[in-house]
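First the structure, in the form of structure tokens, and then the observations on it.
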Amino acid sequence: MRVEIWSDIACPWCYIGKARFEEGLAAFPHRDRVEVVYRSFELDPERPRGEVAPVVDMLAAKYGRTREEAAAMEEHVASVAHGQGLPYRVEGRLHGSTFDVHRLLHLAADRGRQEALLDLAYRANFAEERSVYDHGDLVRLAVEAGLDEAEARAVLADGAAYADRVRADEREAAELGATGVPFFVFDRRYGVSGGQPAEVFTRALEQAWQGRAVEPAAAGPAPGCEADGACAV
């Protein structure tokens with residue numbers, strides 16, 4: 001069985017949702033028969049590459065909140081992440097275009113190192129003093145994930161490299177009706193939206209395996225990163 005996960009490095013619920021999915025997958029009896037594929041999705045596709053802003057300022061502008069309210073939103077997400085056992089740094093995080101990260105993730109997929117790079121990128125963005133918007137930091141992350149440094153640099157230097165793969169993923173997401181992430185698709189038959197609790201993913205895996213429709217989640221995601229579960233464009 002194949003599970004495809006549309007996500008964005010800038011999305012905290014994708015970071016949390018990945019951990020919850022993995023917990024749900026660990027409880028699935030046929031987990032060794034599940035192939036997980038990560039797909040590209042940009043929450044801020046119009047932002048120019050190289051232009052960054054503090055996350056709190058971005059949230060305040062996007063959702064019409066004060067900086068204090070936006071900071072409280074970040075604190076809330078941090079508390080959820082910490083409850084999941086994930087490190088999360090509230091202060092000093094930046095927001096920018098994730099297009100180059102997604103291009104590099106497609107290179108990593110071709111080299112069998114996609115999940116390794118994805119985990120390192122999440123950790124850099126949400127927990128460490130490293131930027132996923134800086135090419136130097138991205139190359140270092142790629143090398144840590146097991147990619148060739150020269151190849152990673154070449155991909156980042158060529159703005160067209162893997163761009164078609166990123167856009168293809170995003171078109172597919174739109175065709176499937178996804179307007180936010182994380183978005184999970186089970187064998188192209190059933191879908192689950194948002195960073196749902198682990199037991200929801202276990203149930204979805206079991207029902208997809210048996211060929212039955214996935215029951216609606218008890219608490220579906222509301223639009224926007226300020227609500228539990230998902231980030232919307």
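The C-terminal residue of the sequence shown carries number 233 in full-length UniProt numbering, and the numbering is unbroken. Idealized CB from N, CA, C, for every residue including glycine. For clarity, every value in this text was computed on a predicted model and none was experimentally measured.
Taking residue i as the reference, which of the options has the closest Cα?
i: R113; options: E51, R89, V37; result: V37
i: H95; options: C14, G146, Q207, P54; result: P54
i: A10; options: N125, H82, R33, T66; result: N125
i: G180; options: R2, V3, S7, Q84; result: S7
i: E151; options: A173, R165, R111; result: R111
i: L82; options: A142, M1, A127; result: According to the sequence shown, residue 82 is His rather than Leu. When only C-alpha atoms are compared, the closest one is A127.
Which same chain residues end up closer than 8 Å to residue i when comparing Cβ atoms and leaving out the 5 residues on each side of it in sequence?
i: E170; result: S40, F41, E42, P45
Can you say whether residue i is buried or exposed, counting buried as having 16 or more other CB atoms within 10 angstroms of its CB?
i: H106; result: buried
i: P216; result: Because P216 sits at a pLDDT of 45, beneath the cut-off of 50, its placement in the model cannot be relied upon, and the following sentence gives the value as read from the coordinates. Classification for P216: exposed.
i: P12; result: buried
i: T98; result: buried
i: T202; result: buried
i: G24; result: buried
i: A168; result: exposed
i: G159; result: exposed
In the structure shown, what three-state DSSP assignment does residue i receive?
i: G224; result: With a pLDDT of only 48 at G224, under the threshold of 50, the placement of this residue in the model should not be trusted; the figure read from the coordinates follows. Coil, per DSSP.
i: Y15; result: helix
i: residue 236; result: Nothing about residue 236 can be reported from this structure: the residues present for the chain run from 1 to 233 only.
i: Y190; result: strand
i: Y133; result: coil
i: F184; result: strand
i: H30; result: coil
i: Y162; result: coil
i: E115; result: helix
i: A145; result: coil
To which residues of the same chain is residue i closer than 7 Å at the C-beta, ignoring the five residues directly before and after it?
i: E75; result: V90
i: L86; result: Y15, I16, A19
i: E4; result: V37, R39, V185
i: A161; result: R103, V155
What is the rounded straight-line gap between the Cα of residue i and the Cα of residue j?
i: R123; j: E199; result: 24 Å
i: D137; j: R49; result: 15 Å
i: E69; j: A60; result: 7 Å
i: P29; j: A154; result: 42 Å
i: V77; j: G177; result: 25 Å
i: R33; j: P197; result: 22 Å
i: F183; j: E22; result: 14 Å
i: E206; j: C231; result: 26 Å
i: V80; j: A163; result: 33 Å
i: G191; j: A173; result: 11 Å
i: M58; j: E175; result: 28 Å
Near residue i, which residues of its chain fall below 6 Å by C-beta distance, leaving aside the five closest residues on each side in sequence?
i: H135; result: L156
i: A71; result: V56
Check whether the Cβ of residue i sits closer than 7 Å to any heavy atom of the ligand COA, and report yes or no.
i: L117; result: The ligand COA is absent from the structure shown, which contains no ligands of any kind.
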